[in-house]
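Chemist:
In the numbering used here, the protein residues as written are 1190 to 1560.
#1: Can the beta-carbon of residue 1437 be found closer than 7 Å to that of residue 1460?
#2: Note down the Cα distance separating residue 1344 from residue 1517, rounded to an integer number of angstroms.
#3: Closest by CA to residue 1544, which one among 1441, 1300 and 1452?
#4: Quick test of your reading: residue 1527 and residue 1336, contact by CB under 8 Å. State the CB separation rounded to the nearest angstrom.
#5: Along the chain, where does the alpha helix (DSSP H) containing residue 1523 start, and where does it finish?
#6: Quick one: complete beta strand (DSSP E) runs, 3+ long, within the stretch 1239-1327?
#7: Beta strand (DSSP E) containing residue 1454: first to last residue?
#8: Of the residues 1508, 1311 and 1249, which one's Cα is nearest the Cα of residue 1179?
#9: Since residue 1294 and residue 1406 are thought to touch, with beta carbons under 8 Å apart, how far apart are those beta carbons, to the nearest angstrom?
#10: In angstroms with no decimal places, state the Cα-to-Cα distance between residue 1203 and residue 1508.
#11: For residue 1388 and residue 1415, I'd like the C-alpha separation in whole angstroms.
#12: Using a 10 Å radius around the Cβ and a threshold of 16 neighbouring Cβ atoms, would you call residue 1216 buried or exposed?
#13: From residue 1209 to residue 1500, what distance separates their C-alpha atoms?
#14: If you count every other CB in all the chains shown that lies within 10 Å of the CB of residue 1290, and 16 or more means buried, which is it?
#15: Using DSSP with H/G/I as helix, E/B as strand and the rest coil, what is residue 1374?
#16: How would you call residue 1552, buried or exposed, if buried means at least 16 neighbouring beta carbons within 10 angstroms?
#17: Restricting to Cα atoms, I'd like to know which of 1520, 1429, 1465 and 1531 is closest to residue 1234.
#18: Taking DSSP as the reference, what is the three-state secondary structure of residue 1362?
#19: Looking at C-alpha atoms only, which residue of 1310, 1340, 1325 and 1371 is the closest neighbour of residue 1355?
#20: To the nearest angstrom, how far is it from the Cα of residue 1558 to the Cα of residue 1278?
#21: Looking at the secondary structure, which residues open and close the beta strand (DSSP E) in which residue 1419 lies?
#22: Helix, strand or coil: which one does DSSP assign to residue 1393?
#23: Please name the residue or residues paired with residue 1489 in a DSSP beta bridge.
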């Protein structure tokens, strides 16, 4: 085992909400054999055995630092609709818990992508649970007009934001490792990386398929994404492995940093350096556990109250427990997270997006009514 401990840097202000357990996890990871540097993002929070919102550079490959949802990321698609009335559009979202039918037009996206990575069909076109979502939003306002124009975003334009991953395939890849070696390092990095890279490509394809299915249901065309960044992956660097768990690549990339279903999200131009392991935050980051959010939410809100958000948007979510677990109050303030990135010189805001409809799971029809 290594006799030295890696350096740890957390890119957050002293006033930002960072749980001590998450910082402790960063230092625990820093003691791993071969670890060189751990960078905690301002959305840092505790995870199962490893921090979420962290980028970890090591000479040794640790699959569990990437986790089970290999390839999870966020894509942003420009979207064209003549009229966007949230209440009307919410009822037109497709069932994204159900996979593709044989005649679904979204198969054209698979063909254009070059086929299915790994040949995996299970879960294709489904969004998943947890913090995954498909959201119709409006660009408002533009903060850097020149950069926004270069990537094709303008004030008042609609976008479709898709947050999803490899839908069980990454979990299978991780399990194949942990059943033999637990949280230890990989004994065959080349084999792990080959499967990992397919899962990352699969996640990117799935985001395109989800966008296509939603566009078809809403009766609007959808273009290629202007942003598509994975935040659960490992990259091979010069002599090492850069593990990102809930951290987006930040070396000259454009990244959407997700707020909540009731707040803005931010597209930023990321320019993080080596101290941050060339990474930026991927979202607001939880400040409550799911159990706490469920307990506190039920004491303060009704289900119907949570279907409407502070910004006037509509939430499509038939899973009542998930509705409480993913309430905006369960997350940190997105303005603080982005502000920390800016203050540390890691990113420049380009535009913000305001939710109109956020889809989590199919809605449940009231009794006596069929859908």
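Think of the CB as a built atom: it goes at the ideal place given N, C-alpha and C, for glycine as much as any other residue.
These numbers were taken from a predicted model, which means no experiment stands behind them.
Modeler: With the structure as the only source:
#1: For this step, residue 1437 is matched to residue 248 along the chain shown. For this step, residue 1460 is matched to residue 271 along the chain shown. Not a contact, by the Cβ cut-off of 7 Å.
#2: The residue labelled residue 1344 in the question sits at position 155 within the chain shown. The residue labelled residue 1517 in the question sits at position 328 within the chain shown. Answer to the nearest angstrom: the Cα atoms are 24 Å apart.
#3: One-based indexing of the chain shown puts residue 1544 at position 355. The candidate whose alpha carbon is nearest that of residue 1544 is 1452.
#4: Against the chain shown, residue 1527 aligns to sequence position 338. Against the chain shown, residue 1336 aligns to sequence position 147. Their Cβ separation, rounded to whole angstroms, is 15 Å, which puts residue 1527 and residue 1336 out of contact at 8 Å.
#5: Locating residue 1523 in the chain shown gives position 334, counting from the first residue. Counting along the chain, the alpha helix (DSSP H) containing residue 1523 begins and ends at 1523-1532.
#6: 1241-1247 and 1262-1268
#7: Within the chain shown, numbered from 1, the residue matching residue 1454 stands at position 265. Looking at the DSSP string, the run of the beta strand (DSSP E) that includes residue 1454 is 1454-1460.
#8: No answer is possible for residue 1179: the residues shown for the chain start at 1190 and end at 1560.
#9: By one-based count along the chain shown, residue 1294 stands at place 105. By one-based count along the chain shown, residue 1406 stands at place 217. About 11 Å separates the two Cβ atoms, so there is no contact after all.
#10: By 1-based counting over the chain shown, the position of residue 1203 is 14. By 1-based counting over the chain shown, the position of residue 1508 is 319. Each residue's alpha carbon lies about 36 Å from the other.
#11: For the purposes of this step, residue 1388 is identified with residue 199 of the chain shown, where counting begins at 1. For the purposes of this step, residue 1415 is identified with residue 226 of the chain shown, where counting begins at 1. Looking at the two C-alpha atoms, the distance is approximately 21 Å.
#12: Working through the chain shown from its first residue, we reach residue 1216 at position 27. Under this definition residue 1216 is an exposed residue.
#13: Looking up residue 1209 in the chain shown gives position 20. Looking up residue 1500 in the chain shown gives position 311. Cα to Cα, the separation comes out at about 31 Å.
#14: Against the chain shown, residue 1290 aligns to sequence position 101. So residue 1290 ends up on the exposed side.
#15: Locating residue 1374 in the chain shown gives position 185, where the first residue counts as 1. In the structure shown, residue 1374 sits in coil (DSSP, three-state: anything other than H, G, I, E or B).
#16: In the chain shown, the residue the question calls residue 1552 occupies position 363. Looking at its Cβ environment, which holds 16 or more other Cβ atoms inside 10 Å, residue 1552 is buried.
#17: As a first step, residue 1234 must be located in the chain shown, where it is residue number 45. Nearest of 1520, 1429, 1465 and 1531 to residue 1234, Cα basis: 1520.
#18: By one-based count along the chain shown, residue 1362 stands at place 173. Here residue 1362 sits in helix by DSSP.
#19: Walking along the chain shown from the start, residue 1355 turns up at place 166. Selected option, being the one with the closest Cα: 1310.
#20: Start at 1 with the first residue of the chain shown, and residue 1558 comes out as number 369. Start at 1 with the first residue of the chain shown, and residue 1278 comes out as number 89. Caution applies to residue 1558, whose pLDDT of 36 falls short of 50 and renders its modelled position unreliable; the model cannot decide the point.
#21: Along the chain shown, one-based indexing puts residue 1419 at 230. Looking at the DSSP string, the run of the beta strand (DSSP E) that includes residue 1419 is 1416-1419.
#22: By 1-based counting over the chain shown, the position of residue 1393 is 204. In this structure, residue 1393 counts as helix in the three-state DSSP scheme.
#23: Locating residue 1489 in the chain shown gives position 300, where the first residue counts as 1. Partner(s): none; residue 1489 has no beta bridge.
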